[in-house]
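Each remark here refers to the structure printed beneath this line.
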Amino acid sequence: MVNEVFSNPFKPGAGHKPPYLAGRIEETNEFKKLIKQKIILENMVLTGLRGSGKTVLLDTFKPLAIQKGWLWVGTDLSESASVNEQTLALRLLTDLSIVTSNIVIGKKEQQKLGFAPEKIIIEQKLNYLTLTEMYNKFPGLVSDKIKGILEFVWSCLKDYDVKGIIFAYDEAQALSDHAQKEQYPLALILDVFQSIQKKDIPFMLVLTGLPTLFPKLVEARTFAERMFRVIFIDRLSKSESRDAILEPINKGGCPIHFTKSSVTLVVKESDGYPYFIQFICREVYDVFLQKIKDNKEPSVPIEEITRKLDKDFFAGRWSRATDRQRQLLCIIAHLKNNDTEFSVQEIVFESKERLNNPFSNSHISQMLATLTNAGLIYKNRHGKYSFAVPLLGRFILRQEQEVFSNGLD
Ligand SMILES: Nc1ncnc2c1ncn2[C@@H]1O[C@H](COP(=O)(O)OP(=O)(O)OP(=O)(O)O)[C@@H](O)[C@H]1O
Ligand SMILES: [Mg+2]
Numbered sequence: 000m001v002n003e004v005f006s007n008p009f010k011p012g013a014g015h016k017p018p019y020l021a022g023r024i025e026e027t028n029e030f031k032k033l034i035k036q037k038i039i040l041e042n043m044v045l046t047g048l049r050g051s052g053k054t055v056l057l058d059t060f061k062p063l064a065i066q067k068g069w070l071w072v073g074t075d076l077s078e079s080a081s082v083n084e085q086t087l088a089l090r091l092l093t094d095l096s097i098v099t100s101n102i103v104i105g106k107k108e109q110q111k112l113g114f115a116p117e118k119i120i121i122e123q124k125l126n127y128l129t130l131t132e133m134y135n136k137f138p139g140l141v142s143d144k145i146k147g148i149l150e151f152v153w154s155c156l157k158d159y160d161v162k163g164i165i166f167a168y169d170e171a172q173a174l175s176d177h178a179q180k181e182q183y184p185l186a187l188i189l190d191v192f193q194s195i196q197k198k199d200i201p202f203m204l205v206l207t208g209l210p211t212l213f214p215k216l217v218e219a220r221t222f223a224e225r226m227f228r229v230i231f232i233d234r235l236s237k238s239e240s241r242d243a244i245l246e247p248i249n250k251g252g253c254p255i256h257f258t259k260s261s262v263t264l265v266v267k268e269s270d271g272y273p274y275f276i277q278f279i280c281r282e283v284y285d286v287f288l289q290k291i292k293d294n295k296e297p298s299v300p301i302e303e304i305t306r307k308l309d310k311d312f313f314a315g316r317w318s319r320a321t322d323r324q325r326q327l328l329c330i331i332a333h334l335k336n337n338d339t340e341f342s343v344q345e346i347v348f349e350s351k352e353r354l355n356n357p358f359s360n361s362h363i364s365q366m367l368a369t370l371t372n373a374g375l376i377y378k379n380r381h382g383k384y385s386f387a388v389p390l391l392g393r394f395i396l397r398q399e400q401e402v403f404s405n406g407l408d
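Numbers 0 to 408, taken from numbering that gives the first Met the number 0, label the letters of the sequence shown in order.
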């Protein structure tokens, strides 16, 4: 009889804790090394394509750090495209106040309201109100004010058994400097942390984001090159993928079983990308469950699942591209190396082969820049390009018919 209590364990979604976190041993060891630092010489950048598992890995770092005596603050910066220096400073204070708000830094008089007003002495705590008051009183630029506060906070924490504070920011690629508005929040955060780390204050940055993040940091401040240990979260290996598929269902009470061939198929189709593993397995689980109920021999309906994935994951991004951009993406998808890295030259060549009206060198560079801003492409440190969305090439080839039927070539 089918067990009704055991529910589908797979969780495709942004930041959803997987039923089993496969692999990531080396990455975790790197983090463990970094939290051994007494003087912070290296901070962390955790980067990878969409759905590769940055957020959930960052979530697993938090308890490790806390266990070793660190305080952990931070947030998701995905909405921060328009953040300026002042709002970033307030963001830091808000996050900081969560862990400092119980620290008593003195006593102050307060008027007690009531029938006969009297003065009472209360403890002054390092809460948000105190931090913002201090911020407003501090002289100088935003960076001077923030540095001053961070130094003060550390002087208060010294009496406690605290190793330091980790400032963990997810989706950090959303931060941008805006030269036209003379607002440099990205440069600000780098300047502030470099300066306080030079004073041996153990406040460490852990920034997570798409592969555009690190080049962006280096562009803002060249010293960022030396300030960060960059960890690229890649696809899972075949055996790690199998663990991600099987560990959640190899449990007592699980009503279904994935055959060897279905596991091989999921490994192949997901190409080791964690989001796709969760997505495909969630579908397969439900299908198998129903087939069990129907007493049929289950098989993976991969075409239907792929169609659903196209609709749920890729279609939104694809629909935002213009016809000409789609045509360029289609040319890229035909490159043999589309799922690793490619150059403008290779695209020029392929476009001459395939189109009557091929793209010029400069037009391609210009369009790649626009596609980078749209989050579909990124330029790596060696000046080559890659798709910023995993398995985008395969998806595009599935759409090819539609692109070329527009008669644009
Ligand atoms: N190591 C792993 N093993 C199994 N599943 C994982 C693993 N890492 C992530 N996942 C699953 O993959 C999906 C995507 O994870 P997550 O949201 O952390 O990716 P991300 O890199 O932060 O994506 P984005 O760039 O969109 O923010 C989630 O459903 C998560 O449960
Ligand atoms: Mg994420």
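In this text, a Cβ means the ideal position worked out from N, Cα and C, and glycines have one as well.
Query raised in the report: Going by beta carbon distance, what residues of the same chain come within less than 7 Å of Asn126, once the five residues before and after it are set aside?
Result: Ser96, Ser100
Query - Leu247 and Pro18 closer than 8 Å at C-beta - result: The amino acid occupying residue 247 in the given sequence is Pro; Leu does not appear at that position. Cβ distance < 8 Å, so Pro247 and Pro18 count as in contact.
**Report entry** Buried versus exposed, by CB contacts within 10 Å (16 or more), Thr46
**Finding:** buried
Requested in this report: Out of Lys35, Lys383, His333, Val299, state which residue places its alpha-carbon closest to the alpha-carbon of Val161.
Outcome: Lys35
Query raised in the report: Is there a Cβ from chain E that is less than 8 Å from the Cβ of Glu26?
Result: Looking for chain E here will not work: only one protein chain is present.
Report task. Go to Gly147, then tell me how far its beta strand (DSSP E) extends in each direction, as first and last residue. Result -> Premise fails: Gly147 lies in the alpha helix (DSSP H), 141 to 156, not in any beta strand (DSSP E).
Query - Phe348, DSSP secondary structure in three states - result: helix
Report task. Pull every residue with its beta-carbon under 6 Å away from any heavy atom of ligand 2, and keep them in chain order. Result -> Ala13, Gly14, Lys53, Thr54, Asp169
Requested in this report: Closer than 7 Å by C-beta to Lys335: which residues in its own chain qualify, once you throw out the five before and the five after it? Chain order, please.
Outcome: none
Query raised in the report: Among the residues of its own chain, which have a CB less than 8 Å from the CB of Ile291, if the five just before and after it don't count?
Result: Val1, Pro254, Ile255, Pro297
Query raised in the report: Hey, quick one: how far does the alpha helix (DSSP H) through Ala64 stretch, first residue to last?
Result: 53 to 66
Requested in this report: Could you please give the first and the last residue of the uninterrupted beta strand (DSSP E) stretch that includes Lys124?
Outcome: 117 to 124
Query raised in the report: Going by C-alpha distance, which of Ile244, Lys250, Gly251 is nearest Leu264?
Result: Ile244
Query raised in the report: Quick one: is the Cβ of Gly47 within less than 7 Å of any heavy atom of ligand 1?
Result: yes
Report task. Decide if Thr258 is buried, meaning its Cβ has at least 16 other Cβ atoms within 10 Å, or exposed. Result -> exposed
Report task. Report the rounded CA-to-CA distance for Lys378 versus Gly50, giving the unit in angstroms. Result -> 19 Å
Query raised in the report: For Val72, which residues of its own chain have a beta-carbon under 8 Å away from its beta-carbon, when the five flanking residues on both sides are left out?
Result: Asp94, Leu95, Ile97, Val98, Ile164, Ile165, Phe166, Ala167
**Report entry** Sequence-distant residues of its chain with Cβ nearer than 7 Å to Gln85 (five each side left out)
**Finding:** Val141
Query raised in the report: Beta carbon of Pro210: closer than 7 Å to some heavy atom of ligand 1?
Result: no
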